[in-house]
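One structure below.
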Amino acid sequence: MISMETSNLTKETLKKMFAEGKRFDGRNLLEFRDISIEIGVSNKAEGSTRVRLGKTDVIVGVKLAPGEPYPDSPDKGNLSVSCDLLPLASPRFEMGPPGFYAIELPRLVDRAIRGSSMIELEKLFIEEGKVWTVFIDIYPINDDGNLIDASTIGAIIALKNTMIPVLDEKGMIDYEKKPTKKLPLSKTYPFSFTFYKLGNSIIMDPTREEEEACDARITFGVSYWNNQYMVNSCQKTGELSFSKEEISKITNILSKKFDEMNEKLKKFL
Amino acid sequence: MAKEFKRKDGRKPTELRKIVAKVGVIPNADGSAMFAFGDTVAIAAVYGPRLLHPKHMEDPTKCILRVNYDLLPFSVHDRKKPGPSRRSQEISKVTEWALSPVVDLKSFPNTVIDVQIYIIQADAGTRTAGINAASMALAHAGIPMKNLVCSVAVGKLDKNLVVDLTKEEEDFEEGEGSTDFAIARIANTDEFTLLQFDGKVQPELINDLISLSDNACKEIYEAQKKALKEIIK
Amino acid sequence: MKKVKENKINEEITEQEISSEEYEHAKRKPVIPGEIIVSGEDYLPGDGTRREGNDIVANRFGLAEESGRVIKVIALTGAFIPRRGNVVLGRVTDITFHGWIIDIGSASQAFLPIEESPKFVSKAEMDQFIAIGDIVAAKIWGVKSKGIDLTLKGKGLGKLEGGFVFHTNPNRVPRIIGKEGSMINLIKENTSSNITVGQNGWIWIKADSVDNQIKARKAIEFVVEKVHIEGLTEKMEEWFRNYK
Chain B
11 MISMETSNLT KETLKKMFAE GKRFDGRNLL EFRDISIEIG VSNKAEGSTR
61 VRLGKTDVIV GVKLAPGEPY PDSPDKGNLS VSCDLLPLAS PRFEMGPPGF
111 YAIELPRLVD RAIRGSSMIE LEKLFIEEGK VWTVFIDIYP INDDGNLIDA
161 STIGAIIALK NTMIPVLDEK GMIDYEKKPT KKLPLSKTYP FSFTFYKLGN
211 SIIMDPTREE EEACDARITF GVSYWNNQYM VNSCQKTGEL SFSKEEISKI
261 TNILSKKFDE MNEKLKKFL
Chain Y
114 MAKEFKRKDG RKPTELRKIV AKVGVIPNAD GSAMFAFGDT VAIAAVYGPR
164 LLHPKHMEDP TKCILRVNYD LLPFSVHDRK KPGPSRRSQE ISKVTEWALS
214 PVVDLKSFPN TVIDVQIYII QADAGTRTAG INAASMALAH AGIPMKNLVC
264 SVAVGKLDKN LVVDLTKEEE DFEEGEGSTD FAIARIANTD EFTLLQFDGK
314 VQPELINDLI SLSDNACKEI YEAQKKALKE IIK
Chain E
16 MKKVKENKIN EEITEQEISS EEYEHAKRKP VIPGEIIVSG EDYLPGDGTR
66 REGNDIVANR FGLAEESGRV IKVIALTGAF IPRRGNVVLG RVTDITFHGW
116 IIDIGSASQA FLPIEESPKF VSKAEMDQFI AIGDIVAAKI WGVKSKGIDL
166 TLKGKGLGKL EGGFVFHTNP NRVPRIIGKE GSMINLIKEN TSSNITVGQN
216 GWIWIKADSV DNQIKARKAI EFVVEKVHIE GLTEKMEEWF RNYK
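As you go down the protein sequences, you meet chains B, Y and E in turn.
Each residue of the first sequence is one higher than the last, beginning at 11 in my numbering.
Each residue of the second sequence is one higher than the last, beginning at 114 in my numbering.
Each residue of the third sequence is one higher than the last, beginning at 16 in my numbering.
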């Protein structure tokens, strides 16, 4: 998958352990690590969050800037999600042009957010030819696996805390003025849940060691919309296939996983 | 004269902003640290000595110290585009020169020590906070080194000499305006490894400005030392 | 037969480690680079220190220790620095015409020439002897500026079969092994497992059950987390008594 750093021995051992439903840190296969959230890590951002999922540590910042709308949606704001896999965060991240993971990760977060209609982009219209662009920047600080799900959590909590800056007469942002308006959001927000496959086992929230041993993954963006659970995005990554049976096993627990995560994070949402 | 000067945030001219220093903030790294002057927050990770790519950059006589400094896009008011800018490349290089005099690079020929510095939140003095964090991270990585490096910005607001300027002070325009002089020194010595400013300073004031970093760097050194020793409990 | 082989690897590493790290020191204090450890003409600068006038000064971060007149600083953190004679574990990353390229988690690439195999291996069948992704226990016999040379000739060295490998802080290897192997033996006895500790902090565990495997790894991680070593054996024994 992301790398082939794992040894044959470790892979075989993890395969056997997962088949018995066991992990080194004592979690069951579908259990998340402890989550901690810090809000407002940069006072220059319009919204920012630091998410720690075990030893995985991700900072997400939201910036807003007035700009031109896309030609096909002249009355709607823009959303732009990017991610840098800094060599700061892991010995396996290198300087230079982004690898595929750094391209895929923000796209997965983007599609989960877009698909859930979390941001009311139509309310980000400023005037003819001018709308707000919402920039979500994802920066892993320490990669100990499952960056995708951690990044989505970071993004939605940062959005929940985002304020719209004040524009002056010339239409430029006046950072001296304290913003009073929150970013227009619907009641819906997505979580992403990534399921990793090794042998015949499916696990969630892998550590880096586990992640490196896995053969494939599938990510679902899930939200709760109009009193029902909705899957907003889906992507399978990696060379191995998932069976129909595996997919239905996964989709059957999405609503339960959504509720669990929601319960853990409700005071931030 | 300078002592009468009142700063907007109520600090005395020679008073630093609140320092926060912490070691071991990035478990994946061989060494890591964070350092904050007030609202300026820097984190640094050190990886290595490790294999150098591309191979043709290897030096058979010594290890290469490779510094990368940058701002996170949301650390400043106007979003900074991800990726290196001319500014960040210059700061990376002067940071490298600020740190390399203390690092024993001869011990590990053909390898690289990577120092990654990122600014999470910027309110002026980011390169100096970055150097302080990097110096701690190098020590934390067990790299053989002569000493720590301590860094601070000193400066002048009109005719008043001050230490550790905020962004607002950097933007001060009255009289002789604002000068922000970034200094790094080998701890507890009179050896300076970073000297960088632009502004308006009378030549005879340069030494006074540099001397302002004496006490500031002592305070910074104590914070760095405490943070490093805290992890050995 | 195999069991004997595994134990031999451990013996070898244990011997070598104890000679480089003595354990009978009470006077240890944390120091940072540039800090004066002691003053006086009587002292001699050892590893990680230098003399400056009358002072012995730390050259690195760690625990300063007095051993007679010699002062040294023991590193607690940082990357693995390979030395001749170290037994390390490594993962095969590539096979060339002349041998195997091995990742040992250090700054230089390590190479195992085909001639350093303990038995004859034909060039056509190298991957049947050791394949990419396999783990070997090997000894460093040369550290050159261009790379590290490994050998499998020596008692107990070779490809590791079964079990698994994880990575930990190489600076903690001496305490994982303990005085004359006391710590590692305590862990082995309590988990019915075979354990090989490489100087590079790569550790191989093979236990009779998944539960013991998990227990052995947790025990090692417990040792790694403790910075000071006073009474560590007792703490480890207590940890085993309380383990569920």
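For every residue, glycine included, the Cβ atom is placed at its ideal position computed from N, Cα and C.
Check	Outcome
Reference E/I49; option with closest CA among E/N257, E/R75 and E/K159	As written in the sequence, residue 49 of chain E is Gly, which differs from the Ile given in the question. The residue with the shortest Cα to Cα distance from E/G49 is E/R75.
Three-way DSSP call (helix, strand, coil) for Y/A142 in this model	coil
Chain B contact for E/I210 (CB, 8 Å cutoff)	no
Reduced DSSP secondary structure (H/G/I, E/B, other) of B/Q238	strand
Residues of the segment 143-161 of chain Y whose Cβ lies closer than 7 Å to any Cβ of chain E, in chain order	D143, G144 and G161
Beta-carbon contacts of E/A90 that lie in its chain and below 8 Å, excluding the five residues immediately before and after	G63, R75, F76, G77 and N186
Closest residue to Y/L130 among Y/R200, Y/K121 and Y/A158 (Cα-Cα distance)	Leu is not the amino acid found at residue 130 of chain Y; the sequence shown has Arg there. Per the Cα distances, Y/K121.
Euclidean distance between Cα positions of Y/L308 and Y/E317	16 Å
Residue-chain proximity (B/T16, chain Y), Cβ-Cβ < 8 Å	no
Nonlocal neighbours in the same chain, by C-beta distance under 8 Å from B/T20, ignoring five residues either side	E219 and A223
Cβ shell of E/E39 (< 6 Å), same chain only, five flanking positions each side left out	Summary for E/E39: the model assigns pLDDT 45, below 50, so the residue's position carries little reliability; its value from the coordinates is reported in the next sentence. Taken in chain order, the list of residues that qualify is empty.
Start and end residues, alpha helix (DSSP H) containing B/S164	Note on residue identity: the sequence assigns Gly, not Ser, to residue 164 of chain B. Element bounds for B/G164: L157 to K170.
Outcome for Y/Q234 when other beta-carbon atoms lying within 10 angstroms are tallied against a minimum of 16	buried
Beta-carbon neighbours of B/F34, restricted to chain E and to distances below 7 Å	I229 and R232
Among Y/G268, Y/P162 and Y/A211, nearest to Y/F221 - alpha-carbon criterion	Y/P162
Supposed contact pair E/K230 and E/T206 - C-beta distance, whole angstroms, cut 8 Å	5 Å
Residue range of the unbroken alpha helix (DSSP H) whose run includes E/I71	No alpha helix (DSSP H) holds E/I71; the beta strand (DSSP E) holding it covers D70 to A73.
Reduced DSSP category for B/M105 - H, G, I as helix; E, B as strand; rest coil	coil
Listed by chain order, chain Y residues near B/M173 by CB distance under 7 Å	Those within 7 Å of B/M173 in chain Y number zero; the least Cβ separation is about 13 Å.
Contact under 8 Å by Cβ, E/V103 with E/Q214	yes
Where B/G77 falls: helix, strand or coil (DSSP)	strand
Sequence-distant residues of its chain with Cβ nearer than 8 Å to B/S13 (five each side left out)	In this predicted model, B/S13 has a pLDDT of only 41, less than 50, meaning its place in the structure is not dependable enough to derive any value.
Backbone secondary structure at Y/M258 - three-state DSSP	strand
Inter-residue spacing [alpha-carbon to alpha-carbon] between Y/L322 and Y/C263	16 Å
Pairwise C-alpha distance: Y/N223 and Y/D217	14 Å
Beta-carbon proximity list for E/M251, same chain, < 8 Å, skipping 5 on both sides	M198, L201, I202, A234, F237 and V238
Proximity test, Cβ basis, 8 Å: B/V51 and chain Y	yes
Unbroken stretches of the beta strand (DSSP E), 3 residues or longer, contained in the segment 256-296 of chain Y	262-270 and 273-276
B/T66 at chain E interface by Cβ criterion, 8 Å	no
Distance between Y/L185 and Y/P195 (C-alpha atoms, nearest Å)	7 Å
Outcome for E/H113 when other beta-carbon atoms lying within 10 angstroms are tallied against a minimum of 16	exposed
Pairwise C-alpha distance: B/S202 and B/L95	19 Å
CB contact flag (Y/G238, Y/T208, <8 Å)	no
Counterpart residues of E/L78 in DSSP-defined beta bridges	E/P45 and E/I89
Residues within the segment 245-257 of chain Y neighbouring chain B, beta-carbon criterion of under 7 Å	none
Between the CA atoms of B/D215 and B/R43 - distance to the nearest angstrom	7 Å
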